[in-house]
Amino acid sequence: MTWMAWRQFRGQFRPLAAVVAVLLVAFAVTAAQITDLRRVSGSTELFLADLKEGYQAYLYQAGSAALFALPVVVGVFWGAPLVARELETGTHRLVWNQSITRTRWLAVRLGTVALATAVVAGVTTAGYGWWASPIDAAALDRLLPVNFGTRGLVPVATALFALAVGTTAGLLLRRTVPAMAVTAAVVVAVQLALPFAVRQQLVPPVHTTAALDMGNLSSMGMRSDGTVRVIGNFEEPGAWILTNETVRPDGTPFERLDDPTPCTRAADTPKECEKAVAAAGLQQSVVYHPLRHFWPLQLVEAGVLLAVAVLLTLLSFWWLRSRVT
Amino acid sequence: MTAVLRTDRLTKDYGRRRALTDCTLSIPSGRVVGLVGPNGAGKSTLLQLACGLLGPTSGTIEVLGGRPNSGPAQVAKVGFVAQDTPTYAGLSVAEHLTLGARLNPGWDAGVAERRIAALGLDPAQRAGKLSGGQRAQLALTLAVAKRPQLLILDEPVASLDPLARREFLQSLMEFVAEQEASVILSSHLVADLERVCDHLVVLTAGRVQVAGDVEDLLGSHHRLTGARCDPAALPGGQELVHAGHTAKQSTLIVRSTAPIDDPAWVVEPLSLEDVVLAYLTEAAGRPRVLEPQR
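Those sequence lines, one after another, are chains A and B.
Count along the first sequence from 1, then add 30; that gives the number in this note's numbering.
Count along the second sequence from 1, then add 28; that gives the number in this note's numbering.
1. As a quick exercise: from Val-230(B), Leu-246(B), Ala-173(B), Arg-142(B), pick the residue whose alpha carbon is nearest that of Ala-311(B).
2. What distance in whole Å lies between the Cβ atoms of Gly-281(A) and Ala-192(A), which are believed to be in contact at a cut-off of 8 Å?
3. What separation, rounded to the nearest whole angstrom, lies between the Cα atoms of Val-64(B) and Leu-308(B)?
4. Starting from Arg-235(B) and walking both ways along the beta strand (DSSP E), at which residues does that stretch end?
5. Check whether the Cβ of Ala-312(B) sits closer than 8 Å to any heavy atom of the ligand FMN, and report yes or no.
6. Could I get the ranges of all uninterrupted alpha helix (DSSP H) runs contained in the segment 184 to 214 of chain A, with 4 residues as the minimum, in chain order?
7. Could you name the residues of the same chain whose beta carbon sits closer than 6 Å to that of Gly-361(A), not counting the 5 residues immediately before and after it, in chain order?
8. Based on the DSSP output, what are the partners of Leu-38(B) in its beta bridges?
9. May I ask you to verify whether the segment 330 to 344 of chain A touches the segment 59 to 79 of chain B, counting CB pairs closer than 8 Å and requiring at least 3?
10. Starting from Gln-336(B), trace the beta strand (DSSP E) in both directions and tell me its first and last residue.
11. Starting from Trp-270(A), trace the beta strand (DSSP E) both ways and give me its first and last residue.
12. Say whether the segment 88 to 101 of chain A touches the segment 197 to 211 of chain A, bearing in mind that this needs 3 or more beta-carbon pairs closer than 8 Å, one atom from each stretch.
13. Answer yes or no: do Leu-127(B) and Gln-128(A) have a C-beta to C-beta separation smaller than 9 Å?
14. Among Pro-208(A), Arg-322(A), Pro-320(A), Phe-284(A), whose alpha-carbon lies nearest the alpha-carbon of Gly-311(A)?
15. Along chain A, which residues have their Cβ under 8 Å away from the Cβ of Cys-350(B)?
16. Starting from Gln-314(A), follow the beta strand (DSSP E) in both directions and report where the run begins and ends.
17. Considering only residues of the segment 326 to 354 of chain A, which uninterrupted beta strand (DSSP E) runs meet the minimum length of 3 residues and lie entirely inside it, listed in chain order?
18. Does the pairing of the segment 97 to 114 of chain B with the segment 155 to 174 of chain B give three or more beta-carbon distances under 8 Å?
19. Going along the chain, which residues of its own chain have a beta-carbon closer than 8 Å to the beta-carbon of Ala-117(B), five neighbours each way excluded?
20. Pull the bridge partners of Gln-231(A) from the DSSP assignment, please.
21. Could you run through the segment 116 to 145 of chain B and flag, in chain order, every residue whose CB is less than 8 Å away from some CB of chain A?
22. Quick one: what's got a C-beta closer than 6 Å to Trp-126(A)'s C-beta in the same chain, skipping five residues either side?
23. Tell me, please, whether the CB atom of Thr-121(A) is closer than 9 Å to any CB atom in chain B?
24. For a contact defined as C-beta to C-beta under 8 Å, what are the partners of Thr-131(A) on chain B?
25. Using the DSSP secondary-structure output, state which residues sit across from Val-307(A) in a beta bridge.
26. Where DSSP assigns a beta bridge to Thr-88(B), which residues make up the other side?
27. Indicate the three-state DSSP secondary structure (helix, strand or coil) for Glu-296(B) in the structure shown.
28. How about Gln-313(A) and Thr-239(A): are their beta carbons less than 9 Å apart?
The structure is reproduced here in structure tokens:
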């Protein structure tokens, strides 16, 4: 059955494997130049500025785009047709009447594709992570939503999850093209939902409160009705800031002064307003994930994705045995 | 003698639609069985239940003494050629044989290669480029080389031209002669089955109308022609299948194991097609006089 599974899969495997191979070769060839650039640049600021000038910026973005696209491609082109194409062309009636149960048939076919998915996603994320490691060490932005999903274990887990979504959709819908569309929609939605709604909660974030430093503000603005908006800078290298609020000493959100006069049009200069705000004893309240949360977040997120993938796979097997006719 | 196929009150629903109703059958082994009925009668449903592609809604089905789809050993005993004879369009003829060899422990490579050679198929040709007849032959080769005890074919010749049809049925008969296996094949055309079958099952609207060996069916069905009368007046032991009347004359199709020697009737034998048509017209509820076939 492995012969059959590979024979049916190789046509879909080769194009994607070729693209990944090209990317890996590009990483291998240019990695030394990045290390050189890092040494020559001296400071991290100069290094990052130099990177933006060169072709490395394109390769960096290409790698990132490839790792975001990989799960979608795997789900749509490897997962969705896996069962749907057989049902569509009627070949399931041929193959399920050889001396093999349909459970074993799906196990071998899905197992083959899952193994290829893990290997392809694994070498891509490993190669990219290795190539970009000097950049990551300088920019300290691995935890930010634009990068987190392209590093470590998450791309592998997302790709396996997408494969399970595609296979299940194909099995339930029984048509390749609708299954592809549903798979693409679900995988992209999950990729967006993870950084915007889910990831924050996977590991408890750090909450700090400190006196607001009026000498280190990221923004301050006042409106004619006396509303004041003041946000302090939060500088922890590599942190993923979830919320950064200014609160009163009692912890309630700060919106305006008790006596708003210094910050209305009646006041002579903005200085007066600043002075009054500084005297209000405001606190800066920040919720964030420090850089050390990178691996705990990676492990939990990958675990959640893999758990859902396993559940979808179990559903597929159950459906195949009891529902598909 | 054990039954190759035994069903008891077998019923299959697709959602709300009932495809097969209380079907009770027992088909002896060593037969070439024709399953005949109009389109939508439930033939495909019954055959797919027999090979385990479908599960019954209620009732039981037993194939070669085992429950269909109960494991690889059961699947190995039954060969199945599905409707429209599906093959993998992207795989070559040779790769289909590899598929068969890899997935069937009892695979007979000699039989498969001899058949492909005899058919004149190019092993390197992709199945998607084959003609309908060649594809059907390839599907049959896969089913036959697995050396099944029972071979099931679902409308195997429906989409073939008359020549391909004859060639296909010929290869089927060669298989039967070589391997002494049982065969069940379905068709909505009696003419296809007449040549090859020695047992017949007539299915209409999800119900079995009649089942039996062809010889017995031919020997026990008669066309009676005589003066117009009430068919209810038939003596015991004679079962009315179909009645047609003109102003003066009645034509009855009657099932009776004992010979009919009532001088009031002209008794004629029936062709297999006449017998089947009598059941089909009666089930369809369309009164029609069957003319003797010439």
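Heads up, the beta-carbon is just placed ideally off N, CA and C, and yes, glycines get one too.
So, from the listed chains and residues:
1. Val-230(B)
2. So it is not a contact: roughly 43 Å between Cβ atoms.
3. 10 Å
4. 235 to 241
5. Absent from the structure shown: the ligand FMN. Ligands present: none.
6. 184 to 203
7. Examination of residue 361(A) is not possible in this model, given that chain A is present from 31 through 355 alone.
8. Cys-51(B)
9. no
10. As shown, chain B starts at 29 and ends at 322. That puts residue 336(B) outside it, with no answer to give.
11. Its beta strand (DSSP E) spans residues 270 to 277.
12. no
13. yes
14. Phe-284(A)
15. As shown, chain B starts at 29 and ends at 322. That puts residue 350(B) outside it, with no answer to give.
16. 313 to 319
17. none
18. A contact exists between the segment 97 to 114 of chain B and the segment 155 to 174 of chain B.
19. Arg-154, Ala-155, Gly-156
20. According to DSSP, which records beta bridges pairwise, Gln-231(A) is partnered with nothing at all.
21. Tyr-116, Ala-117, Gly-118, Leu-119, Glu-123, Thr-126, Leu-127, Gly-128, Arg-130, Leu-131, Asn-132, Pro-133, Gly-134
22. Arg-132
23. yes
24. Asn-97, Gly-99, Pro-100, Val-103
25. Paired residue(s): none; Val-307(A) is not in a bridge.
26. Asp-36(B)
27. strand
28. Contact: yes.
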